[in-house]
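The numbering used here applies: residue 2 is where the sequence shown begins, and numbers increase by one.
Structure record follows, encoded as structure tokens.
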Amino acid sequence: MTFGIVFTAIIVISSLSLFLLSSTRMFPLGMRIGATLLPLALLWLHVFLYRIPGIENFFSHTLMVLFYFFTFAMLLPFALGFWGIGIVDLPKRSEPETLGNLSGDKEIAVVYHPGASPFTRTVLIQFASHFDKSPYKVTLLTASARLVFDPKAYAGVILVSPVYAGMIRPALEDFIAGHDLSGSKVFVIHTGTNPYNEEEFKYDFNILNTHNVKPADKTKFVMFLPDKNNPSADPRQLPDSIAGFSKTVLAKLK
Numbered sequence: 002m003t004f005g006i007v008f009t010a011i012i013v014i015s016s017l018s019l020f021l022l023s024s025t026r027m028f029p030l031g032m033r034i035g036a037t038l039l040p041l042a043l044l045w046l047h048v049f050l051y052r053i054p055g056i057e058n059f060f061s062h063t064l065m066v067l068f069y070f071f072t073f074a075m076l077l078p079f080a081l082g083f084w085g086i087g088i089v090d091l092p093k094r095s096e097p098e099t100l101g102n103l104s105g106d107k108e109i110a111v112v113y114h115p116g117a118s119p120f121t122r123t124v125l126i127q128f129a130s131h132f133d134k135s136p137y138k139v140t141l142l143t144a145s146a147r148l149v150f151d152p153k154a155y156a157g158v159i160l161v162s163p164v165y166a167g168m169i170r171p172a173l174e175d176f177i178a179g180h181d182l183s184g185s186k187v188f189v190i191h192t193g194t195n196p197y198n199e200e201e202f203k204y205d206f207n208i209l210n211t212h213n214v215k216p217a218d219k220t221k222f223v224m225f226l227p228d229k230n231n232p233s234a235d236p237r238q239l240p241d242s243i244a245g246f247s248k249t250v251l252a253k254l255k
């Protein structure tokens, strides 16, 4: 009985990530409930059957094998992984950074989620450097639903997010849901370690479409994994890719 209570506590605590973290919203609620209840059911069937003389060596041990498989090979790795992603996804507050042409009479807002590494911010600093001789200053803002933001004050809005498992980060998603960008010229930038993939843009484009926002353009900058079919996925050509997209943004803002 003690064995059942201890493992019940472990499963319940680990499974909280499936319900409390916004990064798990891609999975249906029924799937998350099932992933939690199945190991619990196997565990307690084993505990009770083990007490019945004559069948403990068959049913009980079979249920124990299934319990260990679903718990240690499936539930716990996913649950603990989502706890880790949840820490990375926490909104990160920082002071706005103004780059580009500091004396420019127009302004571009870059709303981004920093992610776990400095790569996204490094890319954006390089991106903003290409606006030094333009009429635009570039303001970097970290995304959150509580960010005080007036889209009408900016000539353009660039939404930037690292991509994990083909999804933008919840902090940026909450920002999109909490602000009316329908009258703004919007651009989308993804960063990550996987090559450029058109499919991954469908997720945030669907979110934007829900709020009547049609992005003017999109791109992805990749840290590793060179891809001969797309220069932005080759780290050796990353500076050229950033420069190219900055020219695209400038052209479409006119």
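Idealized CB from N, CA, C, for every residue including glycine.
Looking only at its chain, what residues have a beta carbon closer than 6 Å to the beta carbon of F150, apart from the 5 residues adjacent to it on each side?
Walking along the sequence shown from the start, residue 150 turns up at place 149. H180.
Contact defined as beta carbons within less than 8 Å: I believe V64 pairs with A36. What is the distance between those atoms, to the nearest angstrom?
By 1-based counting over the sequence shown, the position of residue 64 is 63. By 1-based counting over the sequence shown, the position of residue 36 is 35. Note on identity: in this sequence residue 64 is Leu, with Val being the wrong assignment. So it is not a contact: roughly 17 Å between Cβ atoms.
Around the C-beta of D241, are 16 or more other C-beta atoms found within 10 angstroms, so that it is buried, or is it exposed?
Counted from its first residue, the sequence shown places residue 241 at position 240. Classification of D241: exposed, given that the 10 Å Cβ count is below 16.
Just tell me which of T192, I14, L141, I12 has its CA closest to the CA of L239.
Counted from its first residue, the sequence shown places residue 239 at position 238. Ranked by Cα distance from L239, the options T192, I14, L141, I12 are led by T192.
Around the C-beta of P171, are 16 or more other C-beta atoms found within 10 angstroms, so that it is buried, or is it exposed?
Position 170 of the sequence shown, counted from the start, is the residue given in the question as residue 171. With 16 or more other Cβ atoms within 10 Å, it is buried.
Supposed close pair R33, L19 - CB separation, criterion 8 Å:
What you label residue 33 is simply residue 32 of the sequence shown in a count that begins at 1. What you label residue 19 is simply residue 18 of the sequence shown in a count that begins at 1. Cβ atoms of R33 and L19 come within 8 Å of each other, at about 4 Å.
What does the alpha-carbon distance come out to for the pair F132 and N195?
The residue labelled residue 132 in the question sits at position 131 within the sequence shown. The residue labelled residue 195 in the question sits at position 194 within the sequence shown. Each residue's Cα considered, the two are about 27 Å apart.
Start and end of the alpha helix (DSSP H) containing G179?
The residue labelled residue 179 in the question sits at position 178 within the sequence shown. For G179, the enclosing alpha helix (DSSP H) has its first and last residue at 171-179.
Measuring alpha carbon to alpha carbon, tell me which of E199, F206, I243, S104 ends up nearest L182.
Start at 1 with the first residue of the sequence shown, and residue 182 comes out as number 181. Ranking E199, F206, I243, S104 by Cα distance to L182 puts F206 first.
Start-to-end residues for the beta strand (DSSP E) that takes in A144:
As a first step, residue 144 is located in the sequence shown; it is residue number 143 there, counting from the start. No beta strand (DSSP E) contains A144, which DSSP labels as neither H nor E.
Anyone know if the C-beta pair for K153 and G184 falls short of 9 Å?
Working through the sequence shown from its first residue, we reach residue 153 at position 152. Working through the sequence shown from its first residue, we reach residue 184 at position 183. In contact: K153 and G184 (Cβ atoms closer than 9 Å).
Per DSSP, which one or two residues make a beta bridge with L100?
Indexing the sequence shown from 1 puts residue 100 at position 99. BP columns for L100 point to V139.
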